[in-house]
Every structure is written in C-alpha cells, then in structure tokens.
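See below for the structure under consideration.
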Amino acid sequence: HHATTLADEYNHSNDNEQQQQRLAHVLEIVQDLKALSILLAAESITFILDLVCLASRCGYLKLDK
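Numbering (this note's numbering), first residue to last: 24 to 88.
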C-alpha cells in the first residue's frame, strides 16, 4: 500500500527539518495527482494529521468549516 509506505518513510525520519521537507514533497506529489484523499487513508495518525495541517496551510484543504 503506497500510503503506508509514504507514511513509514515520513515517520522514520529522525530530523524534524528533513521530515517536514519529505512531507511537503509528498503533499506536492499527491496534489499533482489529485490523490490527497487516498493518502489520508494511511494508518499513521501522526502522518495524516501533519499532512492535513500542511495541506490546509497551503490552501489545498479548508478546515474552517
């Protein structure tokens, strides 16, 4: 499952800056593929929450409603 693989890659990073760079890269790819909803099915709640927060800050998701 690709979502799990991306989440594992993100979660296994020891460096917060590297983790944020990976998350931004993942978001860019899934946004280009229009696959954000698929990626949100990952099992890692930390990955999902971080991805949703970044997507919201970038204007890809509206969380205010």
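A virtual CB, placed ideally from N, CA and C, is assigned to each residue, including glycine.
To the nearest angstrom, how far is it from the Cα of residue i to the Cα of residue j?
i: glutamate 40; j: tyrosine 33; result: 11 Å
i: isoleucine 52; j: aspartate 87; result: 24 Å
i: arginine 45; j: alanine 30; result: 10 Å
i: serine 36; j: leucine 74; result: 15 Å
i: isoleucine 71; j: tyrosine 83; result: 14 Å
i: isoleucine 68; j: glutamine 42; result: 15 Å
i: lysine 57; j: cysteine 76; result: 17 Å
i: glutamate 66; j: cysteine 81; result: 23 Å
Along the chain, where does the alpha helix (DSSP H) containing residue i start, and where does it finish?
i: glutamate 40; result: 39-55
i: alanine 64; result: Run containing alanine 64: none; DSSP gives neither H nor E here.
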